[in-house]
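Position in the sequence shown (from 1) plus 5 gives the number in this note's numbering.
Inspection log for the structure reproduced underneath, given as C-alpha cells.
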Amino acid sequence: MSTMIYELSKSFPKEELYSLTDQVRRSSGTVTANISEAWGKRKYEKSFVAKLTDSEGEARETPTWLQFAFACNDINEEQYNNLHNKYNQIIGMLVNVMNQSEKWCSFSSINKEKNNL
C-alpha cells in the first residue's frame with residue numbers, strides 16, 4: 006500500500022510536496038514499518054499490541070490525507086474509494102490480530118505455560 010501511495014503521490018502538485026504529499030507518504034509508510042516492528046516484538050505481547058495500535062492509528066490517518074487529496078482533485082474518486090476500502094481492510098485485520106494477540110505471540114504463550122507449572 007505504501008508503495009502504491011508513494012507512486013500515486015508523485016503526481017501531486019509541487020506546492021504540496023512538504024505538506025499533503027509528505028504526510029500521506031509518511032503515514033502510509035509508517036503502517037508497514039510498525040507492523041514489521043510489532044512482528045519483531047511479538048516475544049512481548051504488550052509491545053506487540055502497542056506497535057500494532059500505532060499501526061492502526063497510522064492506517065486511520067492515511068485515508069484522511071487521501072480525502073484531502075480527493076477534495077483537491079489530486080486523486081479521482083475511484084482511486085480514493087479503492088485506497089479507502091483497502092485501508093479499512095487493513096484496519097480490520099490489525100484489530101483482529103490485536104484481539105487475538107496471544108495466538109501471534111508464540112513466546113508469550115510459552116512463558117505463560119512455564120509460569121503455570
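C-beta atoms are modelled at their ideal positions from N, C-alpha and C, and glycine is treated no differently.
- The beta carbon of Val54 lies closer than 7 Å to those of Met103, Ser106 in the same chain, with the five residues before and after it left out.
- If you draw a straight line from the Cα of Arg47 to the Cα of Asn90, it is about 27 Å long.
- Residues Ser60 of the same chain have their beta carbon placed closer than 6 Å to that of Ile40, with the five preceding and five following residues left out of the count.
- Assignment of Phe75 by DSSP, reduced to helix, strand and coil, places it in the helix class.
- The Cβ atoms of Val36 and Thr8 lie no closer than 9 Å to each other.
- Distance check between Ala38 and each of Glu82, Lys56, Met98, Glu21 places Lys56 closest, using alpha-carbon atoms only.
- Counting along the chain, Gln28 sits inside the alpha helix (DSSP H) bounded by residues 27 to 45.
- Within 10 angstroms of the beta-carbon of Ala76 lie fewer than 16 other beta-carbons, which makes it exposed.
- Nearest Cα to Phe17 within the set Ile96, Gly45, Leu71, Asn93: Leu71.
- Rounded to whole angstroms, the separation of the alpha carbons of Lys19 and Glu50 is 43 Å.
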